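See structure below.
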Amino acid sequence: MSKPLHLLLVEDSEDDALLVVRELTNGGYAVTRERVATAEAMRAALARGQWDLVICDYQMPRFNGPEAMKLFREAAVDIPFIVVSGTIGEDVAVAMLKAGADDYLMKGRLARLVPAVERELREAGERRVRRLMEAELIASESRYRRLFEASRDGILILNADTGVIVDANPFLIDRLGLAREHLVGRRLWEIASFQSLAADPAAFAE
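Start counting the sequence shown at 10; every next residue gets the next number (the numbering used here).
Below is the structure:
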């Protein structure tokens, strides 16, 4: 079954665009594409489209790879940007990679295109998953902190192995009448209010 691929082609030649699309189609992709060849058209396409991938020629009559990369970075989209060109030298290719391109290929050697696209799409997907997980973790920690701070029950967080106090919520601090810095970092049995509990190993373990 073909994999859907929304492709933005920054390319002045329709014939070259067809070669790229044919290679991707033969590689198992169902390509929906738009071809642009000017800065204005690329900016508009990036603004309105949910693209999976940008493939960019390096040299065009009214536009070029570095200018396209600049627009791409300004758009702040996390999708692969691959340069496919017939007129790119090694020094230019390295400069494009340093500027943020994910890969470069020669138009006469498109056998690497599908593997490159598969790799870059996979890595972009993994980045999106990591961002979602990080955002969920931050939200979870924020919810926990709000509950911890607002709770009307005393909460004491300990290192279970050492008995060192890691944190205490405001309600408990207020009930004990001690400053937070007098609790955190000390062992439980060093706090008078908990000495009897800590003296009983079974009670402390529980």
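Glycine included, C-beta positions come from ideal geometry on N, C-alpha and C. Because the structure is a prediction, the values reported are computed rather than measured.
Check	Outcome
Start and end of the beta strand (DSSP E) containing F90?	F90 to S94
Compute the beta-carbon to beta-carbon distance between L114 and A104, rounded to the nearest angstrom, for a pair I have assumed lies under 8 Å.	Their Cβ separation, rounded to whole angstroms, is 16 Å, which puts L114 and A104 out of contact at 8 Å.
Determine contact between the stretch 23-39 and the stretch 67-74, defined as no fewer than three beta-carbon pairs at a distance below 8 Å.	no
Find out if the Cβ-Cβ distance for the pair L14, R44 is shorter than 8 Å.	no
For the putative contact between D101 and I64, defined by C-beta atoms under 8 Å, what is the C-beta separation to the nearest angstrom?	Here residue 101 is Val; the residue named in the question, Asp, does not match the sequence. That pair is no contact at about 17 Å.
Use the C-beta contact count for M10: other C-beta atoms within 10 angstroms, 16 or more gives buried, fewer gives exposed.	exposed
Return the first residue and the last residue of the beta strand (DSSP E) that M78 is part of.	From DSSP, M78 is part of no beta strand (DSSP E) but of the alpha helix (DSSP H) over G74 to A84.
Can you list the beta strand (DSSP E) stretches of 3 or more residues lying completely in the stretch 101-176, in chain order?	112-115 and 165-167
Roughly how many angstroms lie between the CA atoms of G58 and T41, to the nearest whole one?	11 Å
Quick one: residues in its chain with C-beta nearer than 8 Å to the C-beta of S202, no 5 flanking neighbours on either side, listed in chain order?	L185
Using only CA atoms, which one of L187, A77 and R136 lies nearest to E49?	A77
Between the stretch 171-181 and the stretch 146-163, can you find at least three pairs of beta-carbon atoms closer than 8 Å?	yes
Please state if the CB of W60 and the CB of I88 are separated by a distance shorter than 8 Å.	yes
Among D66, R195, R154 and Q68, which has the Cα closest to the Cα of V217?	Here the chain comprises residues numbered 10 to 215, so residue 217 is not present and cannot be evaluated.
Count the other CB atoms within 10 Å of the CB of E20; is the residue buried (16 or more) or exposed (fewer)?	buried
Can you tell me which of V175, L62 and M142 puts its alpha carbon nearest to the alpha carbon of R131?	L62
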